[in-house]
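Working notes for the structure below.
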Amino acid sequence: MSGPPSGDDVDEDQASEQRRATIRAQRRVPKEPGRSSLSRPSSGDQVADHVRRLIWNGKLRNGDHLRQDDLATELGVSRIPVREALIALEREGWVSLELHRGAFIRGLDETAVADHYAFLGALYALTARRVTERGEDSAIEALEQAQIFAAAATTAEDFQFHNELFLRQLFAAANSPRLMSVSRMMSGVVPGNYFEMVPAGRKIQQQALVALVKALRARDADKAAAVFETAMAKHGRAVVAVLREQRGTVEEEARESYGDEPVPTPRQGKRKGA
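This is the structure in structure tokens:
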């Protein structure tokens, strides 16, 4: 495997072609590890991402009542994008919508994180297997080039861009509409740029891409699948570590603010009949 590209190897035309390739890729792939969008998010998407951040930061917890009117007022939007966001969040498992009661947070715990990354590992592993079986030599060569660009990225933002490009090309090389369809239904558990929020994730993914390209070139399906299964398990553990630290910080701030008094939960509402 060659190292990061030199200035002679990566000229402006090559960089432009990499970006054009990303723009041409119209299909989505799972947004973990790394999340980005090639199109401007809708108001509903922005509301949903706001709620995800509150859950991730521990400011919304399991059982908290999420009031639509309060959320709309806080974000300066109508109730329509709020309703759209809640429907999407229920589908993703972030909230529970109850008739005549409203929306309640399901929260994010370590079990949910472990299951999420186990599922991603299985999805990516199967995709990698299909590339070894069906992928054209030219597609694997393109993946190797995409990996080289990812290795040369100097910021979390750049790495996210090239990692997403690599994954898009991987799904395209698998030549499986079914896998692509499943990938569209996936959402991330980490809001924002995964590689900024979970610093350990960048090294994990860089090493995985190198090992994966080597396995793809050898047409070693078992090795290619194992690379992703192992990497996603590591990503899951890295997310749990950050989540524990994040939640611990929130709890400590609350104790410092309220001392021995009970910490209020203004968003929490009692369920009827509870």
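Each number in the numbering used here comes from the position in the sequence shown (counting from 1) with 759 added on. All C-beta atoms, glycine included, are put in the ideal place defined by N, C-alpha and C.
Check	Outcome
Where does the unbroken beta strand (DSSP E) through Gly940 begin, and where does it stop?	Here residue 940 turns out to be Ser, not Gly, going by the sequence shown. Taken as a continuous stretch (DSSP letters only), Ser940 belongs to no beta strand (DSSP E), being part of the alpha helix (DSSP H) at Pro936 to Arg943.
My understanding is that Val810 touches Val998, with C-beta atoms under 8 Å, so please give their C-beta distance in whole angstroms.	Not confirmed; about 18 Å, so no contact.
Can you look up Ser855 in the DSSP assignment and give me helix, strand or coil?	strand
Below 7 Å CB to CB, which residues in the same chain sit around Ser837 once its five sequence neighbours on both sides are set aside?	Ala831
For the structure I just gave you, are there three or more beta carbon pairs, one from the stretch 919-932 and one from the stretch 891-906, closer than 8 Å?	yes
Would you mind reading off the limits of the beta strand (DSSP E) that contains Gly861?	Gly861 to Ile864
Just to confirm the assignment: which complete alpha helix (DSSP H) runs, minimum length 4, are found wholly within the stretch 793-846?	802-815 and 827-834
By the 10 Å Cβ neighbour count, where 16 or more other Cβ atoms means buried, how is Gly947 classified, buried or exposed?	buried
Using the beta-carbon count (16 or more within 10 Å), is Pro958 buried or exposed?	exposed
How many whole angstroms separate the CB atoms of Arg842 and Gly852, which I take to be in contact at a CB cut-off of 8 Å?	At roughly 18 Å, the Cβ-Cβ gap does not stay under 8 Å, so Arg842 and Gly852 are not in contact.
Compute the Euclidean distance between the alpha carbons of Thr781 and Ala931, then round it to the nearest angstrom.	Residue placement at Thr781 is poorly supported in this model, since its pLDDT is 44, which falls under 50; the coordinates still yield a value, given next. Using only the alpha carbons, I get a separation of about 12 Å.
Does DSSP put Ser946 in a helix, in a strand, or in coil?	coil
Measure the alpha-carbon distance for Ala985 versus Ala901 and round it to whole angstroms.	21 Å
State yes or no: is the C-beta of Glu900 nearer than 6 Å to some heavy atom of the ligand PLP?	This structure does not include the ligand PLP; it has no bound ligands of any sort.
Have a look at Arg976, Ala970 and Met939 and flag the residue whose alpha-carbon is nearest the alpha-carbon of Ala910.	Ala970
Let me make sure I understand the geometry here. Which of Ala974, Val949, His824 and Arg893 has the alpha-carbon closest to that of Leu1002?	Val949
Between the alpha carbons of Ala898 and Gly960, how many angstroms are there, rounded?	26 Å
Pick from Leu879, Ala847 and Asn952: whose alpha carbon is nearest that of Ala915?	Asn952
Assign Pro840 to one of two classes, buried (16 or more other C-beta atoms within 10 Å of its C-beta) or exposed (fewer than that).	buried
Under DSSP, the alpha helix (DSSP H) around Arg888 begins and ends at which residues?	Glu869 to Arg893
Just the C-alpha distance for Arg786 and Phe987, rounded to the nearest angstrom, thanks.	Confidence is the limiting factor: at Arg786 the pLDDT is only 38, short of 50, which leaves the residue's position unreliable, though a coordinate-based value still follows. Going from the Cα of Arg786 to the Cα of Phe987 covers about 21 Å.
Thinking just about the alpha-carbon of each residue, which of Asp874, Asp808 and Met991 is nearest to the one in Leu848?	Asp808
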